[in-house]
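Chain order of the listed sequences is R and X. Quick note on numbering: the numbering used here labels position 435 of the first sequence as 489, and the sequence is numbered without any gaps. Quick note on numbering: the numbering used here labels position 551 of the second sequence as 565, and the sequence is numbered without any gaps.
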Amino acid sequence: MISALVSVAGPSAGTALRKQVAALVIESVCLGFCYLLLYPLVNALFSDQPEDALIWLGWLGLMFTAYAILRFYTQLQGFRAAVDLIRVLFGRLGQQLTALPLGWFDATSSGRVGRLLSQGVMDVSSMPAHLLRPLVSALVTPLTVVLVMFVFDWRLASAALFTAPLAWWTYRWSSHLVKTTSRRTEASAVEAATRTVEFAQSQAVLRAFGHSEAVFGKLQKAFEAQWQSGRAQVFSTALGLSAFVLVIQLALTVVLFLGAYLALGGRIDAPQLIALLVLCVRYVEPLLGAAEVAGLVKVSQNSIQRMDELLCEPGLAEPVLPAEPQNWDLCFEHVRFGYGNTKVLEGVSFTARSRSTTAIVGPSGSGKTTILRLAARFWDPADGEVQVGGVDVRSIVTSDLLAQISIVFQDVYLFDGSIAENIRQGRPDATDAEVLQAARLARVNEIAARLPEGLDSDVGEGGSKLSGGERQRVSIARAILKDTPIVLLDEATSALDPINQLAIQEALTELTRDRTVVIVAHRLETIRNADEILFLENGVIAERGSHPELISLGGRYAEFWAKRERAANWRLLRDPQVTTNASRHLVSDNGR
Amino acid sequence: MSDVKRITATVSGRIRPACAIQAVAAIMATGPYIAIAELGIMLMRGGPLDAARTWWIVALGALALLLRLCCLLLASGLTHLADNDLQLHLRQSLAKHLSRVPLGWFDDTHSGHVKKVMQDDVLAIHYLVGHAYTDRISAIVTPAAALAYLGWIEWRLVPIILLPVILTMVIYWVQFRGIGQMMSRYNKALAGVNAAAVELVQGISVVKTFGLKNRSFQRFTNASNEFADGFWEMVRGQLSSKAAADLLLSPITSIVLVLVAGLTLAANQKVAVSDILPFIVLAPALSSPFLVLTHTQSEFVQANRAARRLLDVLDLPVLPQEKNQTPRLDEPRIQFEDVSFSYDERTEAIRNINLTLHPRTVTALVGASGAGKSTLAHLLPRFWDPTEGRITLNGVDLRHIDRDHLYRAIGFVFQETQLLHATVRENIVLGRTGASEQQIIQAAQQAQIHDRISALASGYNTMVGSEGVFSGGEAQRIALARTLLADTPVVVLDEATAFADPDCAAEVQTALSTLVEKRTVLVIAHRLHTVMEADQICVMSGGQIVETGRHEDLVARKGIYAELWAVLRASEQHPELVLE
Numbered sequence: 055m056i057s058a059l060v061s062v063a064g065p066s067a068g069t070a071l072r073k074q075v076a077a078l079v080i081e082s083v084c085l086g087f088c089y090l091l092l093y094p095l096v097n098a099l100f101s102d103q104p105e106d107a108l109i110w111l112g113w114l115g116l117m118f119t120a121y122a123i124l125r126f127y128t129q130l131q132g133f134r135a136a137v138d139l140i141r142v143l144f145g146r147l148g149q150q151l152t153a154l155p156l157g158w159f160d161a162t163s164s165g166r167v168g169r170l171l172s173q174g175v176m177d178v179s180s181m182p183a184h185l186l187r188p189l190v191s192a193l194v195t196p197l198t199v200v201l202v203m204f205v206f207d208w209r210l211a212s213a214a215l216f217t218a219p220l221a222w223w224t225y226r227w228s229s230h231l232v233k234t235t236s237r238r239t240e241a242s243a244v245e246a247a248t249r250t251v252e253f254a255q256s257q258a259v260l261r262a263f264g265h266s267e268a269v270f271g272k273l274q275k276a277f278e279a280q281w282q283s284g285r286a287q288v289f290s291t292a293l294g295l296s297a298f299v300l301v302i303q304l305a306l307t308v309v310l311f312l313g314a315y316l317a318l319g320g321r322i323d324a325p326q327l328i329a330l331l332v333l334c335v336r337y338v339e340p341l342l343g344a345a346e347v348a349g350l351v352k353v354s355q356n357s358i359q360r361m362d363e364l365l366c367e368p369g370l371a372e373p374v375l376p377a378e379p380q381n382w383d384l385c386f387e388h389v390r391f392g393y394g395n396t397k398v399l400e401g402v403s404f405t406a407r408s409r410s411t412t413a414i415v416g417p418s419g420s421g422k423t424t425i426l427r428l429a430a431r432f433w434d435p436a437d438g439e440v441q442v443g444g445v446d447v448r449s450i451v452t453s454d455l456l457a458q459i460s461i462v463f464q465d466v467y468l469f470d471g472s473i474a475e476n477i478r479q480g481r482p483d484a485t486d487a488e489v490l491q492a493a494r495l496a497r498v499n500e501i502a503a504r505l506p507e508g509l510d511s512d513v514g515e516g517g518s519k520l521s522g523g524e525r526q527r528v529s530i531a532r533a534i535l536k537d538t539p540i541v542l543l544d545e546a547t548s549a550l551d552p553i554n555q556l557a558i559q560e561a562l563t564e565l566t567r568d569r570t571v572v573i574v575a576h577r578l579e580t581i582r583n584a585d586e587i588l589f590l591e592n593g594v595i596a597e598r599g600s601h602p603e604l605i606s607l608g609g610r611y612a613e614f615w616a617k618r619e620r621a622a623n624w625r626l627l628r629d630p631q632v633t634t635n636a637s638r639h640l641v642s643d644n645g646r
Numbered sequence: 015m016s017d018v019k020r021i022t023a024t025v026s027g028r029i030r031p032a033c034a035i036q037a038v039a040a041i042m043a044t045g046p047y048i049a050i051a052e053l054g055i056m057l058m059r060g061g062p063l064d065a066a067r068t069w070w071i072v073a074l075g076a077l078a079l080l081l082r083l084c085c086l087l088l089a090s091g092l093t094h095l096a097d098n099d100l101q102l103h104l105r106q107s108l109a110k111h112l113s114r115v116p117l118g119w120f121d122d123t124h125s126g127h128v129k130k131v132m133q134d135d136v137l138a139i140h141y142l143v144g145h146a147y148t149d150r151i152s153a154i155v156t157p158a159a160a161l162a163y164l165g166w167i168e169w170r171l172v173p174i175i176l177l178p179v180i181l182t183m184v185i186y187w188v189q190f191r192g193i194g195q196m197m198s199r200y201n202k203a204l205a206g207v208n209a210a211a212v213e214l215v216q217g218i219s220v221v222k223t224f225g226l227k228n229r230s231f232q233r234f235t236n237a238s239n240e241f242a243d244g245f246w247e248m249v250r251g252q253l254s255s256k257a258a259a260d261l262l263l264s265p266i267t268s269i270v271l272v273l274v275a276g277l278t279l280a281a282n283q284k285v286a287v288s289d290i291l292p293f294i295v296l297a298p299a300l301s302s303p304f305l306v307l308t309h310t311q312s313e314f315v316q317a318n319r320a321a322r323r324l325l326d327v328l329d330l331p332v333l334p335q336e337k338n339q340t341p342r343l344d345e346p347r348i349q350f351e352d353v354s355f356s357y358d359e360r361t362e363a364i365r366n367i368n369l370t371l372h373p374r375t376v377t378a379l380v381g382a383s384g385a386g387k388s389t390l391a392h393l394l395p396r397f398w399d400p401t402e403g404r405i406t407l408n409g410v411d412l413r414h415i416d417r418d419h420l421y422r423a424i425g426f427v428f429q430e431t432q433l434l435h436a437t438v439r440e441n442i443v444l445g446r447t448g449a450s451e452q453q454i455i456q457a458a459q460q461a462q463i464h465d466r467i468s469a470l471a472s473g474y475n476t477m478v479g480s481e482g483v484f485s486g487g488e489a490q491r492i493a494l495a496r497t498l499l500a501d502t503p504v505v506v507l508d509e510a511t512a513f514a515d516p517d518c519a520a521e522v523q524t525a526l527s528t529l530v531e532k533r534t535v536l537v538i539a540h541r542l543h544t545v546m547e548a549d550q551i552c553v554m555s556g557g558q559i560v561e562t563g564r565h566e567d568l569v570a571r572k573g574i575y576a577e578l579w580a581v582l583r584a585s586e587q588h589p590e591l592v593l594e
């Protein structure tokens with residue numbers, strides 16, 4: 055456990071933690087000796103020469119002072135170590151996040167990582183601040199006491215020790231018991247949570263179809279199952295807990311009985327017995343302290359484990375001898391790639407030339423977006439090469455590569471800040487005039503015009519104060535300002551209102567002028583105008599060529615095109631006759 | 015009544031007896047210690063031991079332990095079972111209540127939040143009912159019992175053992191008065207770090223593509239440094255006093271104190287040496303309340319917050335239902351009469367809407383995003399009620415129509431379809447319980463999904479989600495089959511549904527065309543040419559209907575619609591991405 059903590063903390067903070075543990079061990083031994091001094095003290099106190107007790111009291115006082123000073127010191131030191139650890143962890147985790155391949159991040163990662171980087175860091179730092187002391191003390195202090203006790207009286211020492219394995223075994227058994235039932239509890243909680251989310255998400259459906267028993271019944275059943283597993287857990291926990299408490303109590307009872315037996319048989323001096331009884335009662339105290347913090351320790355350990363996993367995640371390899379691309383052609387050579395066991399690309403080769411537009415089309419799930427991601431090194435291919443200007447992207451320093459690429463994706467993320475600040479991220483040293491120019495080219499100035507503070511208006515968290523189309527325009531302005539030779543575009547599938555649609559088309563025209571453009575295309579116009587079209591199906595390029603070439607080929611693309619064209623021209627009502635009569639009186643009613 | 019009291023009212027009658035039993039257990043906790051002390055006193059008197067008395071003491075000590083075990087089990091069993099029942103009760107009440115709040119509330123509230131309230135917050139009450147009360151009883155009764163026994167043995171030593179406790183109280187009082195304020199500052203700073211981390215992760219692609227010197231990395235570094243500084247600032251001043259208090263409360267301290275004071279007093283013949291022993295054995299019990307109380311404090315705060323959130327949900331106003339009228343459903347005529355609606359009671363999302371939907375006609379709502387199209391359409395199935403004016407179905411206010419009856423009249427199809435985690439059949443049959451197999455199949459055929467379902471190994475019995483994974487367009491068609499089966503005379507429709515999945519747009523479109531046939535339809539339209547042939551097109555702007563008419567009339571009028579139409583034409587012909 056401590057070694058996991060040290061490995062998460064890294065070399066420098068790890069050394070501090072090791073020192074802290076060492077100090078705590080000494081402190082705990084001191085405490086053990088404090089308790090041990092009670093033996094000669096009480097022994098003397100109730101013997102023929104009670105004044106000897108004063109000498110022992112002096113020793114106890116000394117030992118206690120040592121303990122108090124040490125404890126004071128370790129507590130301060132523990133907190134200092136905790137605060138240092140907080141800083142170290144923030145730094146290490148932040149660095150690691152920026153080193154991970156972009157592909158590592160998914161929809162759930164922001165929530166997970168967010169918690170790990172705030173509460174998780176605090177959970178881990180509570181180790182040196184609060185938890186290490188009781189943990190170390192629980193082990194070291196009783197051990198010190200019992201070992202020395204054998205010197206005083208082996209019989210009572212054995213009695214004190216004999217329940218230890220029994221307690222250990224009961225503890226294991228009861229935690230196994232609790233684990234089994236809590237697995238059931240967790241399963242039923244997951245089911246109930248899933249049903250609850252469904253209940254919330256399907257409200258419209260549930261109500262629209264009135265008789266919502268179908269779902270409400272399932273939710274009810276999930277709640278009842280949760281209740282039942284809850285009851286089962288109460289009973290099994292009670293069983294496990296009582297067994298454990300019983301064993302601990304047994305230890306005390308055995309010592310009590312043995313002591314009485316020895317005393318009655320005259321096999322032990324009265325003062326000696328009293329002294330040993332006192333010792334026996336007290337030495338288990340640190341164990342109780344550890345039990346009290348057990349829950350917190352578990353929480354902290356979980357966070358340590360999750361951090362360890364995050365920190366062990368391999369980052370993208372950086373080249374030892376970086377190469378410079380010769381031009382801005384983007385080239386895929388026999389690229390294979392898959393997520394886990396699902397294969398996505400199975401041998402894709404193409405070249406997107408400088409100053410040309412390559413459109414990738416195909417059914418959903420054919421791997422279109424994956425091609426863009428590989429080009430920007432979100433991942434590295436499993437096989438084959440992605441090249442920029444004749445150089446494998448793995449031989450280019452990632453930040454240099456990304457400096458040459460602009461990415462405009464469907465789900466645009468804006469930072470909480472003003473529109474201007476978001477645009478300026480394209481090139482932090484740009485002048486105000488350049489930012490303004492980019493805003494104008496992407497027609498962001500039109501958005502700014504209707505907002506109270508113009509370009510200085512806040513976009514809200516993640517850009518929430520702007521519509522989807524408006525966010526995209528800001529991200530295009532950002533890319534225009536960045537002004538890179540390579541542009542990767544993922545065209546939006548969703549319908550935008552005509553005004554936004556037109557604005558985005560114009561902005562994209564600005565952005566893609568004279569660049570290497572690779573675009574995952576959905577709009578028919580975009581596809582038609584591309585220099586080369588790659589028709590992707592089942593992870594391979596099935597057909598390629600310009601639009602007229604592919605249409606005259608009469609293959610999969612031609613079929614796909616015809617289908618899309620029909621769908622795009624669909625109208626809600628095809629048979630006007632049905633409505634002619636009704637519409638006549640409409641005009642008289644509403645046409646006022 | 016406090017929040018927690020209101021939430022736990024149904025089980026408070028079971029917590030009280032549990033507390034009484036816990037009190038007995040707490041007294042019994044001192045039993046073995048007292049036995050040891052008594053045994054010690056006996057031994058010290060010297061002379062031959064009274065065997066019978068010795069065994070009695072040992073037996074009583076053991077008995078106290080056994081009794082304590084039984085009481086503990088009984089008390090915690092009682093509170094935990096009460097808590098378990100309370101959780102079920104709370105979840106059921108929440109579900110029932112939420113079924114009656116305006117549907118729009120779910121639009122504003124993430125389903126994750128609903129889950130958090132119904133699962134996590136209910137669980138947060140667990141500590142309170144299951145542990146908090148009984149823990150506090152133990153924390154008070156055990157020291158009190160120990161103190162009573164020790165006072166009976168030798169009252170003169172009692173002040174000595176109380177000394178650390180009193181000193182600690184003073185330290186806490188002096189040092190931690192402003193702790194509440196500090197904690198809220200701490201929580202705020204921590205939330206700041208969390209937000210910065212979330213932003214860093216969500217914007218990571220931007221961070222990477224724009225280089226490391228990026229603002230959000232900087233912001234995260236700043237937030238975390240600030241937090242670490244603030245945290246150190248906060249704890250630094252209290253570290254020594256906290257360490258001192260912890261030291262005062264540790265058992266060895268009270269033992270040393272008792273020994274020093276006891277031996278001094280014994281030397282002056284003020285107390286008997288034998289009386290010191292019980293103090294050594296029992297004095298450490300006095301500091302335990304502090305440990306428990308500091309541990310429980312934060313749990314209490316959390317339970318209180320959870321209770322507040324639970325009440326926030328339970329106190330949500332529900333949709334009113336004053337009368338249960340059942341207007342005729344054939345020839346449904348819907349009228350919006352001076353309807354206004356506001357989400358926040360300040361700005362009106364729609365204003366003074368007067369609109370009639372005639373039986374078996376199609377009405378399309380067009381306009382820029384934010385013009386109020388969706389808001390207007392959502393009022394029809396009562397996602398919200400109008401803040402002013404009324405909507406009638408054949409002359410009856412929607413608010414006075416029996417809920418089930420209303421939804422037999424009005425169906426809707428929106429972009430995000432929600433299939434339930436149930437069989438395909440169950441999903442479709444939601445539309446009309448008791449529908450025959452033939453009707454279900456017919457609806458699926460009309461929705462262009464029957465063949466796909468039949469091709470599955472389990473056919474209509476396929477579990478959605480686990481066995482059968484459906485693409486967006488397929489899920490849409492299953493939802494459409496449901497709506498077709500429900501066969502409501504009025505349908506509210508989002509036109510984007512037709513284009514949501516480009517791979518099977520054609521099938522969805524055919525299904526939609528079937529659905530709107532011979533029904534009264536209200537369409538939220540994004541693409542003008544899809545609704546060109548609607549019976550009436552309402553152009554919305556700034557929450558109002560500014561133009562109404564058929565396509566040709568509106569184009570001829572040269573108003574907003576004509577302008578939108580021109581833009582659309584332009585964007586279709588736009589020579590985008592022509593590079594030379």
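Even for Gly, the Cβ is constructed at its ideal location relative to N, Cα and C.
Under 8 Å between beta-carbons, which chain R residues line up against residue i? List them in chain order, please.
{"i": "D601 of chain X", "result": "For chain X, the structure presents residues 15 to 594; residue 601 of chain X sits outside this window and is missing."}
Would you call the CB atoms of residue i and residue j closer than 8 Å?
{"i": "V435 of chain R", "j": "V389 of chain R", "result": "Residue 435 of chain R is actually Pro in this sequence, not Val. In this structure, V389 of chain R lies closer than 8 Å to P435 of chain R by Cβ."}
{"i": "A281 of chain X", "j": "I290 of chain X", "result": "no"}
{"i": "L104 of chain X", "j": "V136 of chain X", "result": "yes"}
{"i": "G523 of chain R", "j": "I558 of chain R", "result": "yes"}
Taking only beta-carbon atoms, is residue i less than 8 Å away from chain R?
{"i": "E509 of chain X", "result": "yes"}
{"i": "L593 of chain X", "result": "In this prediction, L593 of chain X scores a pLDDT of 29, lower than 50, which makes its location untrustworthy; the coordinate-derived value is nonetheless stated afterwards. It does; some Cβ of chain R falls within 8 Å."}
{"i": "Y47 of chain X", "result": "yes"}
{"i": "F293 of chain X", "result": "no"}
{"i": "K129 of chain X", "result": "yes"}
Determine whether the Cβ of residue i lies closer than 8 Å to any Cβ atom of chain X.
{"i": "A429 of chain R", "result": "no"}
{"i": "G645 of chain R", "result": "Its pLDDT being 37, under 50, G645 of chain R is placed unreliably by the model, and the measurement read from it follows with that caveat. Yes, G645 of chain R lies at the interface with chain X (some Cβ there is under 8 Å from its Cβ)."}
{"i": "W433 of chain R", "result": "no"}
Under a Cβ-count criterion, where at least 16 other Cβ atoms within 10 Å of its own Cβ denotes burial, should residue i be classed as buried or exposed?
{"i": "T156 of chain X", "result": "buried"}
Does chain A have any CB closer than 8 Å to the CB of residue i?
{"i": "A570 of chain X", "result": "Judged by its chain identifiers, the structure shown contains no chain A, and its protein chains are R and X."}
### At least three beta-carbon pairs within less than 8 Å, the region 278-286 of chain X to the region 181-188 of chain X
no
### Task
Pair every Cβ in the region 344-354 of chain X with every Cβ in the region 401-410 of chain X, then say whether three or more of these pairs are closer than 8 Å.
Contact between the region 344-354 of chain X and the region 401-410 of chain X is present, because at least three Cβ pairs lie under 8 Å.
### Message
For the region 349-366 of chain R against the region 121-139 of chain R, do three or more pairs of beta-carbon atoms, one drawn from each stretch, fall closer than 8 Å, so that the two count as touching?
### Response
no
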